[in-house]
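Chemist: Before anything else, here's the structure in question.
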Amino acid sequence: MNNVLFFAHLKDEVGAESLQIEAKGKSVLALKQVVHDTYGLSSIDSVMTAINEEFAEDDDVIQEGDTIAFIPPVSGG
Amino acid sequence: MNNVLFFAHLKDEVGAESLQIEAKGKSVLALKQVVHDTYGLSSIDSVMTAINEEFAEDDDVIQEGDTIAFIPPVSGG
Amino acid sequence: MKFGISKEPINIQEVIDHVVQRNAGAITTFIGTVRELTKGKKTLFLIYEAYESMAIKKLEQIGTEIRERWQGAEVAIVHRVGKLDITDVAVVIAVSTPHRADAYEANRYAIERIKEIVPIWKKEHWEDGQEWIGDQLEKVSYPEGKPEAKHLDE
Amino acid sequence: MKFGISKEPINIQEVIDHVVQRNAGAITTFIGTVRELTKGKKTLFLIYEAYESMAIKKLEQIGTEIRERWQGAEVAIVHRVGKLDITDVAVVIAVSTPHRADAYEANRYAIERIKEIVPIWKKEHWEDGQEWIGDQLEKVSYPEGKPEAKHLDE
Numbered sequence: 292m293n294n295v296l297f298f299a300h301l302k303d304e305v306g307a308e309s310l311q312i313e314a315k316g317k318s319v320l321a322l323k324q325v326v327h328d329t330y331g332l333s334s335i336d337s338v339m340t341a342i343n344e345e346f347a348e349d350d351d352v353i354q355e356g357d358t359i360a361f362i363p364p365v366s367g368g
Numbered sequence: 292m293n294n295v296l297f298f299a300h301l302k303d304e305v306g307a308e309s310l311q312i313e314a315k316g317k318s319v320l321a322l323k324q325v326v327h328d329t330y331g332l333s334s335i336d337s338v339m340t341a342i343n344e345e346f347a348e349d350d351d352v353i354q355e356g357d358t359i360a361f362i363p364p365v366s367g368g
Numbered sequence: 339m340k341f342g343i344s345k346e347p348i349n350i351q352e353v354i355d356h357v358v359q360r361n362a363g364a365i366t367t368f369i370g371t372v373r374e375l376t377k378g379k380k381t382l383f384l385i386y387e388a389y390e391s392m393a394i395k396k397l398e399q400i401g402t403e404i405r406e407r408w409q410g411a412e413v414a415i416v417h418r419v420g421k422l423d424i425t426d427v428a429v430v431i432a433v434s435t436p437h438r439a440d441a442y443e444a445n446r447y448a449i450e451r452i453k454e455i456v457p458i459w460k461k462e463h464w465e466d467g468q469e470w471i472g473d474q475l476e477k478v479s480y481p482e483g484k485p486e487a488k489h490l491d492e
Numbered sequence: 339m340k341f342g343i344s345k346e347p348i349n350i351q352e353v354i355d356h357v358v359q360r361n362a363g364a365i366t367t368f369i370g371t372v373r374e375l376t377k378g379k380k381t382l383f384l385i386y387e388a389y390e391s392m393a394i395k396k397l398e399q400i401g402t403e404i405r406e407r408w409q410g411a412e413v414a415i416v417h418r419v420g421k422l423d424i425t426d427v428a429v430v431i432a433v434s435t436p437h438r439a440d441a442y443e444a445n446r447y448a449i450e451r452i453k454e455i456v457p458i459w460k461k462e463h464w465e466d467g468q469e470w471i472g473d474q475l476e477k478v479s480y481p482e483g484k485p486e487a488k489h490l491d492e
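Those sequence lines, one after another, are chains A, B, C and D.
If you count the first sequence from 1, position 60 lands on 351 in our numbering, and the numbers rise without skipping.
If you count the second sequence from 1, position 38 lands on 329 in our numbering, and the numbers rise without skipping.
If you count the third sequence from 1, position 26 lands on 364 in our numbering, and the numbers rise without skipping.
If you count the fourth sequence from 1, position 58 lands on 396 in our numbering, and the numbers rise without skipping.
So this is what it looks like as structure tokens:
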């Protein structure tokens with residue numbers, strides 16, 4: 292299983308900070324599609340993704356136990 | 292009379308922070324010449340001068356009671 | 339903490355203390371504060387949220403980037419999270435270097451990088467609504483999958 | 339004091355407090371510290387001396403210049419005098435502006451102007467001697483009789 296984290300407006304839309312999703316073997320892009328379809332998160336296509344706290348590419352493949360975070364455009368500072 | 296102030300290396304060379312000098316009617320340049328001749332301050336020619344805490348030109352004329360300060364190149368900060 | 343996320347008000351002097359060094363002649367700090375008016379619209383307060391563990395890693399990364407680019411530089415960065423009122427301090431960046439030009443440049447680099455790669459978000463609250471703010475650098479997509487270091491003098 | 343000469347250690351937070359404003363999104367500070375090594379030569383300590391009454395006027399003048407050039411800017415500057423050891427703080431400049439680019443630029447302007455027009459001098463003490471330092475900007479003569487405002491982006 293994989294812990295999938297949501298922040299900012301994504302968290303508001305999903306209604307949860309994190310979800311347990313079986314994503315092993317999926318690409319980041321494929322997981323985005325799942326999230327898009329399941330939660331109606333259309334903006335997920337344009338956000339960055341982190342695997343285990345490092346930015347990842349859409350074609351990176353998720354391993355068992357990886358923590359996935361969807362990172363909307365940041366606005367710190 | 293005029294209070295004439297010396298700072299940094301000028302103060303060390305003159306051996307005083309200030310001197311009472313009659314400079315009324317003299318130009319700044321003329322006062323520099325007096326100081327140069329009296330105290331052997333050759334570097335006085337290249338320093339700035341302030342009259343009553345504002346930078347002055349060599350041809351500005353000193354009035355009774357003006358405070359004159361010789362300002363070596365500054366090094367604050 | 340030299341690179342940190344804080345739920346409490348940031349002690350600016352403590353951040354500065356992390357970068358004091360015998361061969362620094364200059365320390366610059368950047369203090370980001372909550373501004374009341376943005377484009378004529380009145381902000382009531384902000385909420386900052388962070389992906390804390392990753393944000394700390396990214397702040398540390400910025401510190402490493404700066405030490406590589408500016409010789410002799412030391413860096414400390416603390417970002418606040420939670421509810422912030424007008425004039426409250428959101429972020430403090432302290433950079434020390436031997437010479438002053440580098441201290442300004444490296445500090446500027448840090449704030450620009452924070453706005454690129456550190457997972458922190460702010461929600462603005464106005465009288466008539468609220469919104470998560472994003473994309474302040476006007477870049478929606480990252481062709482390389484992640485933000486790139488950019489020259490600040492572009 | 340918003341523009342001052344201090345015989346005691348400078349409280350950085352107090353200088354910053356002078357420039358906090360509801361429409362500032364950015365505060366920058368420049369903290370000049372005593373560096374141990376300059377061109378390989380080891381400094382033991384410094385003595386700073388000021389023509390105090392004029393120095394305060396000139397610091398205030400720099401504040402005025404900045405408020406005229408950078409809209410919405412607030413400025414505070416305190417310079418220390420007396421004996422300073424390595425890492426001691428010689429000067430603190432705080433500038434607040436609505437947007438961050440201005441806060442960096444205006445702050446940089448302030449330190450450059452201090453080195454031009456504020457009557458403060460430092461005497462460096464090394465193991466083998468001591469000397470009053472001057473002319474750090476490599477300008478011996480002032481053709482206009484007094485220093486001119488210069489563009490910092492030259």
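Glycine included, every Cβ here is placed at the ideal spot set by N, Cα and C.
Determine which residues of the segment 388 to 419 of chain D have a Cβ less than 9 Å from any Cβ of chain C, and write them out in chain order.
Modeler: From the segment 388 to 419 of chain D, no residue has a Cβ closer than 9 Å to chain C.
Chemist: Quick one: is S366/B buried, meaning 16 or more other Cβ sit within 10 Å of its Cβ, or exposed?
Modeler: One-based indexing of the second sequence puts residue 366/B at position 75. When all chains shown are included, S366/B counts as buried.
Chemist: Among D440/C, R418/C and Q359/C, whose alpha-carbon lies nearest the alpha-carbon of K345/C?
Modeler: Translated into positions along the third sequence, residue 345/C becomes position 7. Of the listed residues, the one whose Cα sits closest to K345/C is R418/C.
Chemist: Which residues in chain B have a C-beta closer than 8 Å to the C-beta of P347/D? List them in chain order.
Modeler: Here residue 347/D refers to the residue found at position 9 when the fourth sequence is read from its first residue. Within 8 Å Cβ-Cβ: nothing; P347/D doesn't reach chain B, min ~17 Å.
Chemist: Can you confirm whether V357/D, when its beta carbon is compared against all beta carbons of chain B, has any partner nearer than 8 Å?
Modeler: Within the fourth sequence, residue 357/D is the residue found at index 19, counting from 1. No, V357/D does not count as interfacial toward chain B.
Chemist: Apply the 10 Å Cβ neighbour rule to Q359/C and answer buried if 16 or more other Cβ atoms are within range, or exposed otherwise.
Modeler: Working through the third sequence from its first residue, we reach residue 359/C at position 21. Looking at its Cβ environment, which holds 16 or more other Cβ atoms inside 10 Å, Q359/C is buried.
Chemist: Give me the Cα-Cα distance between K377/D and M339/A, rounded to the nearest whole angstrom.
Modeler: As a working note, residue 377/D is residue 39 in the fourth sequence. As a working note, residue 339/A is residue 48 in the first sequence. Cα-Cα distance, rounded: 46 Å.
Chemist: DSSP state of E304/A, grouped into three classes?
Modeler: The residue given as residue 304/A occupies position 13 in the first sequence. In the structure shown, E304/A sits in a helix (DSSP, three-state: H, G or I).
Chemist: Measuring only the C-alpha atoms, how far is I431/D from A414/D?
Modeler: Counted from its first residue, the fourth sequence places residue 431/D at position 93. Counted from its first residue, the fourth sequence places residue 414/D at position 76. Looking at the two C-alpha atoms, the distance is approximately 6 Å.
Chemist: Do you know whose CA, among K380/C, Q468/C, K461/C and D466/C, lies nearest A428/C's CA?
Modeler: Translated into positions along the third sequence, residue 428/C becomes position 90. Residue K461/C is the option with its Cα nearest to A428/C.
Chemist: Given a cut-off of 8 Å, decide if T366/D and T367/C are closer than it, judged by their beta-carbon atoms.
Modeler: Numbered from 1 along the third sequence, position 29 holds the residue referred to as residue 367/C. Numbered from 1 along the fourth sequence, position 28 holds the residue referred to as residue 366/D. The answer is yes: Cβ separation under 8 Å.
Chemist: Show which residues of chain D have a CB atom less than 8 Å away from the CB atom of L296/B.
Modeler: The residue labelled residue 296/B in the question sits at position 5 within the second sequence. Residues of chain D passing the Cβ test: Y389.
Chemist: Can you list, in chain order, the residues of its chain whose CB lies under 7 Å from that of A299/B, leaving out five sequence neighbours each side?
Modeler: On the second sequence, position 8 is the one that residue 299/B refers to. Excluding sequence neighbours, A299/B sits near P363.
Chemist: At a CB-CB cut-off below 9 Å, which residues of chain D make contact with A364/C?
Modeler: Counted from its first residue, the third sequence places residue 364/C at position 26. Under the 9 Å cutoff, chain D gives F368, I369, G370, T371, R373 and I449.
Chemist: Using the C-alpha atoms, what's the distance from T435/D back to V357/D?
Modeler: Here residue 357/D is taken as the residue at index 19 of the fourth sequence, counted from 1. Here residue 435/D is taken as the residue at index 97 of the fourth sequence, counted from 1. When rounded, the distance between both Cα atoms is 9 Å.
Chemist: Here's the rule I'm using: 16 or more other beta-carbon atoms within 10 Å means buried, otherwise exposed. How should Q311/A be labelled?
Modeler: Taking the first residue of the first sequence as 1, we reach residue 311/A at position 20. Exposed, because fewer than 16 other Cβ atoms sit within 10 Å of the Cβ of Q311/A.
Chemist: Enumerate in chain order the residues of its own chain whose CB-to-CB distance from G410/D is below 7 Å, with the five nearest sequence positions on each side excluded.
Modeler: Position 72 of the fourth sequence holds residue 410/D. Contacts found: N361, T435 and P436.
Chemist: Under a Cβ-count criterion, where at least 16 other Cβ atoms within 10 Å of its own Cβ denotes burial, should E308/A be classed as buried or exposed?
Modeler: Stepping through the first sequence from its first residue, residue 308/A is reached at position 17. By the 10 Å Cβ count, E308/A comes out exposed.
Chemist: Looking only at C-alpha atoms, which of M292/B, L296/B, N294/B and L301/B sits nearest to E469/D?
Modeler: Here residue 469/D refers to the residue found at position 131 when the fourth sequence is read from its first residue. It is L301/B.
Chemist: So what does DSSP say about M339/B, is it helix, strand or coil?
Modeler: In the second sequence, residue 339/B corresponds to position 48, counting from 1. DSSP places M339/B in strand when its eight states are reduced to three.
Chemist: Looking only at its chain, what residues have a beta carbon closer than 7 Å to the beta carbon of E374/C, apart from the 5 residues adjacent to it on each side?
Modeler: Taking the first residue of the third sequence as 1, we reach residue 374/C at position 36. Closer than 7 Å at Cβ, skipping near neighbours: K380, T381 and I424.
Chemist: Just list the beta strand (DSSP E) runs in the segment 388 to 449 of chain C, keeping only unbroken ones of 3 residues or longer that don't cross its boundaries, in chain order.
Modeler: Taking only runs of at least 3 residues, the beta strand (DSSP E) segments lying wholly in the segment 388 to 449 of chain C are 412 to 418, 420 to 423 and 427 to 435.
Chemist: What are the residues that DSSP puts in a beta bridge with L310/A?
Modeler: Counted from its first residue, the first sequence places residue 310/A at position 19. Paired residue(s): V295/A.
Chemist: Whole-angstrom Cβ separation of W408/D and D440/D, contact assumed at under 8 Å?
Modeler: Taking the first residue of the fourth sequence as position 1, residue 408/D is located at position 70. Taking the first residue of the fourth sequence as position 1, residue 440/D is located at position 102. 5 Å between Cβ atoms; contact.
Chemist: Can you tell me whether DSSP reads A364/D as helix, strand or coil?
Modeler: On the fourth sequence, residue 364/D is found 26 positions in, with the first residue counted as 1. Three-state result, A364/D: strand.
Chemist: Between K460/D and chain B, is any beta-carbon pair separated by less than 8 Å?
Modeler: Counted from its first residue, the fourth sequence places residue 460/D at position 122. It does; some Cβ of chain B falls within 8 Å.
Chemist: For the candidate residues G331/A, S333/A, Q354/A and G368/A, whose alpha-carbon lies nearest to that of A341/A?
Modeler: Position 50 of the first sequence, counting from 1, holds the residue named residue 341/A. Per the Cα distances, Q354/A.
Chemist: With a CB to CB cut of under 6 Å and the five nearest residues on each side skipped, what residues in its chain are close to N349/C?
Modeler: Position 11 of the third sequence, counted from the first residue, corresponds to residue 349/C. Cβ within range, chain order: n/a, list empty.
Chemist: When you compare each of E406/D, I455/D and I400/D to E341/D by their alpha carbons, which one comes out closest?
Modeler: Within the fourth sequence, numbered from 1, the residue matching residue 341/D stands at position 3. As written in the sequence, residue 341/D is Phe, which differs from the Glu given in the question. Ranking the options by Cα distance to F341/D, first place goes to I400/D.
Chemist: Closest by CA to S391/C, which one among P347/C, I343/C and I369/C?
Modeler: Within the third sequence, residue 391/C is the residue found at index 53, counting from 1. Selected option, being the one with the closest Cα: I343/C.
Chemist: Using the C-alpha atoms, what's the distance from D357/A back to E313/A?
Modeler: Along the first sequence, one-based indexing puts residue 313/A at 22. Along the first sequence, one-based indexing puts residue 357/A at 66. E313/A and D357/A: Cα-Cα distance of roughly 10 Å.
Chemist: In the structure shown, what three-state DSSP assignment does V352/B receive?
Modeler: The residue labelled residue 352/B in the question sits at position 61 within the second sequence. Correct three-state label for V352/B: strand.
Chemist: Against chain B, does E352/D count as a neighbour if the rule is that its beta carbon must be under 8 Å from one of theirs?
Modeler: As a working mapping, residue 352/D is identified with position 14 in the fourth sequence. So no, E352/D is outside the interface.
Chemist: To the nearest angstrom, report how far apart N294/A and G368/B are at their CA atoms.
Modeler: Within the first sequence, the letter at position 3 stands for residue 294/A. Within the second sequence, the letter at position 77 stands for residue 368/B. Answer to the nearest angstrom: the Cα atoms are 53 Å apart.
Chemist: Taking only beta carbons into account, state which residues of the segment 299 to 310 of chain A come closer than 7 Å to chain C, listed in chain order.
Modeler: Here the close residues are A299 and H300.
Chemist: Under the DSSP definition of a beta bridge, which residues are partnered with Y386/C?
Modeler: Position 48 of the third sequence, counted from the start, is the residue given in the question as residue 386/C. Answer by DSSP bridge pairing, in chain order: G420/C and K460/C.
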